[in-house]
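Working notes, structure below.
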């Protein structure tokens with residue numbers, strides 16, 4: 005076989021592999037979307053609930069003005085509705101938006117690389133309040149589907165925090181979750197969108213030392229049942245000084 009023929013076949017094989025990776029990525033995205041829809045169906049019957057919010061943050065499908073940030077400080081803004089937090093630490097941290105691996109559809113993912121990190125946790129905080137589509141009060145349930153990977157493998161926790169005007173902040177949180185594709189719900193109790201001063205989703209990574217985190221996708225939906233009764237007691241924060 006000639007060198008030119010071998011090169012041609014190698015090129016064809018590379019194209020096939022890239023196509024398969026792209027297909028796998030699209031299938032993964034469908035799994036995330038299907039997980040959210042399935043969770044919403046199980047959470048509340050369609051006739052008894054309304055969709056107050058359904059969002060996929062722009063960071064996953066639109067390039068950032070500043071895609072790479074070295075040594076971000078606490079509260080660094082990645083976009084108008086996305087911020088980075090971490091415990092007080094030494095070491096090195098790099099945030100980077102990059103094209104999603106194997107994707108040819110303009111998708112992006114957020115990578116966090118770190119070494120000699122001793123701050124115990126990092127978090128990405130998404131501001132959800134601006135995406136609310138209703139002012140009708142009701143019992144609220146937040147549904148989230150996400151893809152996240154880390155090296156070395158580590159769990160991830162999620163917290164939803166909110167604050168009504170004139171009241172203290174409240175929060176609901178998950179336990180530590182394992183796995184790359186995650187679907188979960190948080191029962192927030194009664195929510196009054198017209199009085200909200202803050203509504204945020206925190207993705208919290210308990211990490212230390214050296215490693216990498218890749219937040220590949222995230223979709224959040226908020227269902228309101230129309231029942232404004234329920235407990236308003238807040239769960240404790242995941243960490244004492246977490247955002």
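Numbering (the working numbering), first residue to last: 5 to 247. Built from N, CA and C at the ideal position, the CB exists for glycine as well.
Taken in chain order, the unbroken stretches of beta strand (DSSP E) that lie wholly in the segment 105-152 and span 3 residues or more are 112-121, 125-131. Residue pairing by DSSP puts residue 164 in a beta bridge opposite 176, 205.
Considering only 53, 207, 213, the residue with the shortest C-alpha distance to residue 132 is 207. In this structure, the alpha-carbon of residue 178 lies about 25 Å from that of residue 84. The three-state secondary structure of residue 189, taken from DSSP, is strand. Per DSSP, the unbroken beta strand (DSSP E) holding residue 80 starts and ends at 80-83.
A Cβ-Cβ distance of about 11 Å is found for the pair residue 194 and residue 230, leaving them out of contact under the 8 Å criterion. Residue 150 places its beta carbon less than 8 Å from that of residue 222.
Distance from the CA atom of residue 129 to the CA atom of residue 53, rounded to whole angstroms, is 26 Å. Residue 184 counts as exposed, since fewer than 16 other beta carbons sit within 10 angstroms of its beta carbon. Judged by DSSP in its simplified three-state form, residue 197 adopts helix. Spatial neighbours of residue 156 in its own chain (CB-CB distance under 8 Å, excluding positions within 5 residues in sequence) are listed in chain order as 215. Closest in C-alpha terms to residue 180, from the list 209, 203, 198, comes 209. Residue 226 has its alpha-carbon roughly 24 Å from the corresponding atom of residue 112.
The C-beta distance from residue 167 to residue 141 rounds to 15 Å, too long to fall under 8 Å, and the pair is not in contact.
Your pair residue 95 and residue 120 checks out as a contact, with CB atoms roughly 4 Å apart and the cut at 8 Å. Relative to residue 145, the option among 192, 199, 187 whose CA is nearest is 192.
Taking all protein chains shown into account, residue 91 has 16 or more neighbouring C-beta atoms within 10 Å of its C-beta and is therefore buried. In the DSSP assignment, residue 98 falls within the beta strand (DSSP E) that extends over 96-103.
In terms of Cβ geometry, residue 99 and residue 63 do not form a close pair [threshold 8 Å].
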